[in-house]
Amino acid sequence: MRHIMQTLFLSMAVLTGGWAPATGQPAIAQDRSAEAFASENAILDTAIPFAIGAREARQALRGAFGWPSFQEGLVEGVYFRFDPDGYARFAPTPRLDVDVFEVICRPRTYACAARKDGLEVFLTDRGQLQMRLENALAGDMFFVSEGVSEIQVPERILQPLDVQLELLLGAGGELSTRRGGTEVSRVSLKGFSAVTAYLRWIAARQDYVVLPRGWPVPNAETAGGMTKPAAWNSPMPQPQVVAPGYGASMTSGIAPPTSAAPLTYPGQAPQAGLVPGGAMPSVQVQPLAIQPVLSAYGAAPSDVLDAETLRRELSGLKDLIVEAQGNGTGASPAPTAWRTADGAFAEPPTSMDLALLLETLERLQAQVAHLQSEGGAGFEPAVETALDPQGSQGYVAGGRLDGARLSAQDQTGERLAYLVKQLGFDAQTAVAILQASPDAAPGVQQSGAVLGGALVSEISMQQPGVLYENAMVDQILAELEAEMVSAEAQAPRQEVSREEYQLLSRYFVSVGLPTLLPESQPRHAQQP
Amino acid sequence: MKSAVGSGKRAPLLGVLMFCAVVLGISGTSYAVGITARRVFLAQEEEIIPIIAGGALDEIPALMRGNLPSVTSSMVLEERRREKPPRMCEMSADFFDDMPRGANVPQGYDKHNAYVRKYRSRRGFLNERELRAAQVAWHYFEQFTQESTGLANSVGNYPSTTLWDTASYMAGLVSAYELCLIEKPEFDRRITQLLTTIKGLDLFRKELPNKVYHTQTGAKVDYTNKPGEIGFSALDIGRFLVWMRIYKNRYPYLANTIDSVLLKWDFRNVIDDEGLMFGAYVDKETDETVYAQEGRLGYEEYAAKGFALWGFRPRLAHRAEPFLTASIFGIQVPYDGRDPRIFHSQNYVVTESYLQDGLELGFDMPHDDSSPEWVHTDGWRAEFADRIYQVQENRWRQTGFMTARSEHNVKGPPYFTYDTIFSDGYPWNTVTPRGDYVPDHAAVAGKAALGLWALWETDYTDVLYEAMIELYDPENGMYEGLYERGQGRVSIFTANNNGIILTALLHKVQGTILTPYTGDTEVWYTAFRDQDIRLLRKYPDPPQKDDWLPALRHSVQEKADF
Numbered sequence: 064m065r066h067i068m069q070t071l072f073l074s075m076a077v078l079t080g081g082w083a084p085a086t087g088q089p090a091i092a093q094d095r096s097a098e099a100f101a102s103e104n105a106i107l108d109t110a111i112p113f114a115i116g117a118r119e120a121r122q123a124l125r126g127a128f129g130w131p132s133f134q135e136g137l138v139e140g141v142y143f144r145f146d147p148d149g150y151a152r153f154a155p156t157p158r159l160d161v162d163v164f165e166v167i168c169r170p171r172t173y174a175c176a177a178r179k180d181g182l183e184v185f186l187t188d189r190g191q192l193q194m195r196l197e198n199a200l201a202g203d204m205f206f207v208s209e210g211v212s213e214i215q216v217p218e219r220i221l222q223p224l225d226v227q228l229e230l231l232l233g234a235g236g237e238l239s240t241r242r243g244g245t246e247v248s249r250v251s252l253k254g255f256s257a258v259t260a261y262l263r264w265i266a267a268r269q270d271y272v273v274l275p276r277g278w279p280v281p282n283a284e285t286a287g288g289m290t291k292p293a294a295w296n297s298p299m300p301q302p303q304v305v306a307p308g309y310g311a312s313m314t315s316g317i318a319p320p321t322s323a324a325p326l327t328y329p330g331q332a333p334q335a336g337l338v339p340g341g342a343m344p345s346v347q348v349q350p351l352a353i354q355p356v357l358s359a360y361g362a363a364p365s366d367v368l369d370a371e372t373l374r375r376e377l378s379g380l381k382d383l384i385v386e387a388q389g390n391g392t393g394a395s396p397a398p399t400a401w402r403t404a405d406g407a408f409a410e411p412p413t414s415m416d417l418a419l420l421l422e423t424l425e426r427l428q429a430q431v432a433h434l435q436s437e438g439g440a441g442f443e444p445a446v447e448t449a450l451d452p453q454g455s456q457g458y459v460a461g462g463r464l465d466g467a468r469l470s471a472q473d474q475t476g477e478r479l480a481y482l483v484k485q486l487g488f489d490a491q492t493a494v495a496i497l498q499a500s501p502d503a504a505p506g507v508q509q510s511g512a513v514l515g516g517a518l519v520s521e522i523s524m525q526q527p528g529v530l531y532e533n534a535m536v537d538q539i540l541a542e543l544e545a546e547m548v549s550a551e552a553q554a555p556r557q558e559v560s561r562e563e564y565q566l567l568s569r570y571f572v573s574v575g576l577p578t579l580l581p582e583s584q585p586r587h588a589q590q591p
Numbered sequence: 007m008k009s010a011v012g013s014g015k016r017a018p019l020l021g022v023l024m025f026c027a028v029v030l031g032i033s034g035t036s037y038a039v040g041i042t043a044r045r046v047f048l049a050q051e052e053e054i055i056p057i058i059a060g061g062a063l064d065e066i067p068a069l070m071r072g073n074l075p076s077v078t079s080s081m082v083l084e085e086r087r088r089e090k091p092p093r094m095c096e097m098s099a100d101f102f103d104d105m106p107r108g109a110n111v112p113q114g115y116d117k118h119n120a121y122v123r124k125y126r127s128r129r130g131f132l133n134e135r136e137l138r139a140a141q142v143a144w145h146y147f148e149q150f151t152q153e154s155t156g157l158a159n160s161v162g163n164y165p166s167t168t169l170w171d172t173a174s175y176m177a178g179l180v181s182a183y184e185l186c187l188i189e190k191p192e193f194d195r196r197i198t199q200l201l202t203t204i205k206g207l208d209l210f211r212k213e214l215p216n217k218v219y220h221t222q223t224g225a226k227v228d229y230t231n232k233p234g235e236i237g238f239s240a241l242d243i244g245r246f247l248v249w250m251r252i253y254k255n256r257y258p259y260l261a262n263t264i265d266s267v268l269l270k271w272d273f274r275n276v277i278d279d280e281g282l283m284f285g286a287y288v289d290k291e292t293d294e295t296v297y298a299q300e301g302r303l304g305y306e307e308y309a310a311k312g313f314a315l316w317g318f319r320p321r322l323a324h325r326a327e328p329f330l331t332a333s334i335f336g337i338q339v340p341y342d343g344r345d346p347r348i349f350h351s352q353n354y355v356v357t358e359s360y361l362q363d364g365l366e367l368g369f370d371m372p373h374d375d376s377s378p379e380w381v382h383t384d385g386w387r388a389e390f391a392d393r394i395y396q397v398q399e400n401r402w403r404q405t406g407f408m409t410a411r412s413e414h415n416v417k418g419p420p421y422f423t424y425d426t427i428f429s430d431g432y433p434w435n436t437v438t439p440r441g442d443y444v445p446d447h448a449a450v451a452g453k454a455a456l457g458l459w460a461l462w463e464t465d466y467t468d469v470l471y472e473a474m475i476e477l478y479d480p481e482n483g484m485y486e487g488l489y490e491r492g493q494g495r496v497s498i499f500t501a502n503n504n505g506i507i508l509t510a511l512l513h514k515v516q517g518t519i520l521t522p523y524t525g526d527t528e529v530w531y532t533a534f535r536d537q538d539i540r541l542l543r544k545y546p547d548p549p550q551k552d553d554w555l556p557a558l559r560h561s562v563q564e565k566a567d568f
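Those protein sequences? They're chains L and B, same order as listed. Per our numbering, residue 64 is the first one in the first sequence, and the count goes up by one each step. Per our numbering, residue 7 is the first one in the second sequence, and the count goes up by one each step.
Here it is, written out as structure tokens:
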């Protein structure tokens, strides 16, 4: 009875609010400061060194919350420290007290911005570097000065930076803003190159491939798992640019290293503001974050193949074609020219060349399929998705040899349907692609070879860039490139007509591979 | 003539006989005396020096040492033991009228290396402003104590705490009770629930409490308040031990509970044989426990005294060496001599650690329970504290910056700063936990200002008092401080700040917070005597006079050093 009475009493006390526990908590504004250290806000692993000599250290925490570690080091003449949430300071003194670039990241994202005085630097959604000056107005002039010498820089420094401007600003000195002959602001650029590399490194999830050439990163072999050996030890040029289609899925993309030639995108509309009327800002295509796919032949199973990555790569190529087709329809073809690796212009490849290239591409496809089959049973579903036989056939424009089981007509019809329905080509383009197929009718092969070559060329043009981080694919691409060069050298140049040439140009212009455009030529091929 | 010749011939023979007789007589006497003396002395030795079981000459095995009393200064020096002062509301109106203050005692070290400071601490009843501040500070704990566990949040409503901040809550609770802000039922309810929770805490790898706990669940968490474990902090545990001893000595009825809490802990790795303190953390790569020396000049000695109060012997941790001095505004400010570039641990010089020593322990040795209030038996600690005070007053006088520096939280990044007098080679260095210089976060810390006010009765601390005593939000407690560069108040509320402010106010009323132990044997010393647990966990024996930490002195600055 007594127990029942106690229970009743307690129940009444709780119901009437007389029970002290429930009333203890105040209705005050929530203090969110401690929540800044929630584990979800950690976007960096401070154990991965940003540069040689950097070390992870433990923070001197006395309280109940905070980041337990940070990283500090010295690179390119500036000292730096950063926290797991990306907050960083770069300064020329070890105390990090003067001339400081401060990097702050939006919580739980990879979107970061560096600030010093009135200068703000950040990466755009497309992975391009862009500056913002607090006090800048239209008509202001900008100068980069070093001691007594100075150089005027164009107003488009406030637009996404091209590599030349980025290199210039990264060289140091001070950026001054003048209005009517009066200097309104002056910002030190000390640490600019380091902090921009840091921004890209964050966006790339601490992948070293986005750091500039010559960046003092630790050796992959000694750093254990911190680096990605397949990518870093590759004798091939490091990845620099990738297809724009990949950027859409990334919160903030990876921009190419400053030493890389930027990939200009003529179809990009000029951004309003301070850009002079005739000047078109060069746009760097957002690169792709790719996990290391294949370390080497015979590597451990875990390193052998990432089917998901392959699938994404192939899907990206498909997107390229779709996007190119979408942009290219209705646009007037523009004359263009091939540019070789050394920058010289050459005639486009002939049908014989293209046949060779298509054969090479087919071999590449077969090797990839072979690798996938070696990758283990776990890769099968992804591989099937990525390498659908029909898709492969359509993609390489008849490159598959198993078409012998079908009649030539059925095969052609099926390919045409795939190109139109699955890839979104218009009928004219699809026919042109089919004509480019080596097993197509001889009458149409000559004109169709141009588009087939376009696909191969597209791959070859991306090769210095990035899509393939692993050594095997790099090797294949190197072979492909060598064959292209030899084919060009052997090709009789008279075999390509101007119309075929224009068709090819239309495709590439729409895709936006600027290296195909002669620099001296007016940029009339820009797409809105 | 014949007779003369005849007697002359008998004489040599007689002489020989007499010589032999004398020799025999002496030998016999000597033997008899020796035998007698031996009997006498041996008999006296057995009667004079008896070894009584449990007596001073009895080499008691460890198994039996628990019942020995802890030897304190009052026992050895036969001085009168200090007494716990009454609660403020139970004090007579003239309580402070005849209180001796040692006004005429000269400043400096005495022959026992005790130190008498130039300034005295403030004593008296709280006035209305102080009482209001105490009520507001206590309101922080009313607001932010979790009823499910009895733990108080470290910072506002963020449900996380450390042992350091839990000790601050215990300080606030004692102060609230002794200042008559709460009554015994409330006091007992809170402390019983808190001790019960602490006893049930999941320890870090079955050793000692984890660095951080979730206040709503009592689960051990990491620095992001997610379930996990970080390691343990010797400094946090040392401060917690100070307050456990304060509770045990002030409220003997809590002694058993307090002992049972500590008897769950394993102290084998926290103090080594040299008396150096070690914290623990988890190696990120191997997931193994790493023990690393913890503590720098200031905090290290304070925490060491916490361990010594429970019978441990942190001899090395309690010493000032290695230390150096930096001349700032004419004062040779002591700082830890261990190079941060080598040891990767900063040597922050802040006010807080000295304040806590002064307020809670009276700058006295752990074994001291009898010295008067103005005599600080841990002499060099008081003398160093005087320098810490003086350099801040000098800065105010020479630059105009009101200065009371300590570590404190700040609102927004970087959320926490070490607002130091000296660190990393720079005076007045305000740095983040990773070492960034952030001078904009320099502030007059509320706890430091009112702590200085309580321990140094000077004109300068009157200024600090005026700046701080009304720096509160009635709903949430005392503000963390006042920005030095004019950005206003540090709008954040913490357990540590409010706990130390309450301690400072209690010190004005009652003096040194630690009171002598009034009981005899302790469960802490007698438990597990029949098992090997004491040996494995390194539970100490009751400290004897030989176990006392040495009272030392260091060279005194004679004149200003510019």
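Beta carbons: idealized from backbone N, C-alpha and C, even for Gly.
Neighbour flag for residue i against chain B, beta carbons, 8 Å
i	result
residue 269 of chain L	no
residue 482 of chain L	no
Contacting residues, own chain, Cβ-Cβ under 8 Å from residue i (five flanking each side not counted)
i	result
residue 58 of chain B	64
residue 182 of chain B	140, 144, 147, 188, 193, 508
Other residues of its chain near residue i: CB distance less than 6 Å, five sequence neighbours each side excluded
i	result
residue 146 of chain L	130, 133
residue 286 of chain B	237, 238, 295, 297
residue 138 of chain B	none
residue 533 of chain B	269
residue 464 of chain L	In this predicted model, residue 464 of chain L has a pLDDT of only 38, less than 50, meaning its place in the structure is not dependable; the value taken from the coordinates is given anyway. For residue 464 of chain L, where only same-chain residues beyond five positions count, there are no Cβ hits under 6 Å.
residue 502 of chain B	171, 174
Contact with chain L by residue i, beta-carbon distance below 8 Å
i	result
residue 426 of chain B	no
residue 307 of chain B	no
residue 352 of chain B	yes
residue 422 of chain B	yes
residue 229 of chain B	yes
residue 359 of chain B	no
Exposed unless 16 or more other CB atoms sit within 10 angstroms - verdict on residue i
i	result
residue 68 of chain B	exposed
residue 425 of chain B	buried
residue 281 of chain L	buried
residue 490 of chain B	buried
residue 350 of chain B	exposed
residue 293 of chain B	exposed
Contacts of residue i in chain L (Cβ-Cβ under 8 Å)
i	result
residue 447 of chain B	Those within 8 Å of residue 447 of chain B in chain L number zero; the least Cβ separation is about 13 Å.
Same chain, Cβ closer than 7 Å to residue i, neighbours up to 5 away in sequence not counted
i	result
residue 372 of chain B	311, 314, 315, 555
residue 300 of chain B	239, 240, 241, 283, 284, 285
residue 490 of chain L	483
Chain-ordered neighbours of residue i on chain L, where CB pairs are closer than 7 Å
i	result
residue 442 of chain B	144, 152, 159
residue 160 of chain B	126, 127
Select from the region 110-127 of chain L all residues with a C-beta closer than 8 Å to any C-beta belonging to chain B, and list them in chain order.
Listed in sequence order: 110, 120, 121, 122, 123, 124, 125, 126, 127.
Listed from N- to C-terminal order along the chain, which residues in the region 164-196 of chain B have their beta-carbon within a distance smaller than 8 Å of any beta-carbon of chain L?
So the close ones are 164, 166, 167, 168, 170, 171.
Going along the region 199-226 of chain B in order, which residues come within less than 7 Å of chain L, judged by CB to CB distance?
Result list: 218.
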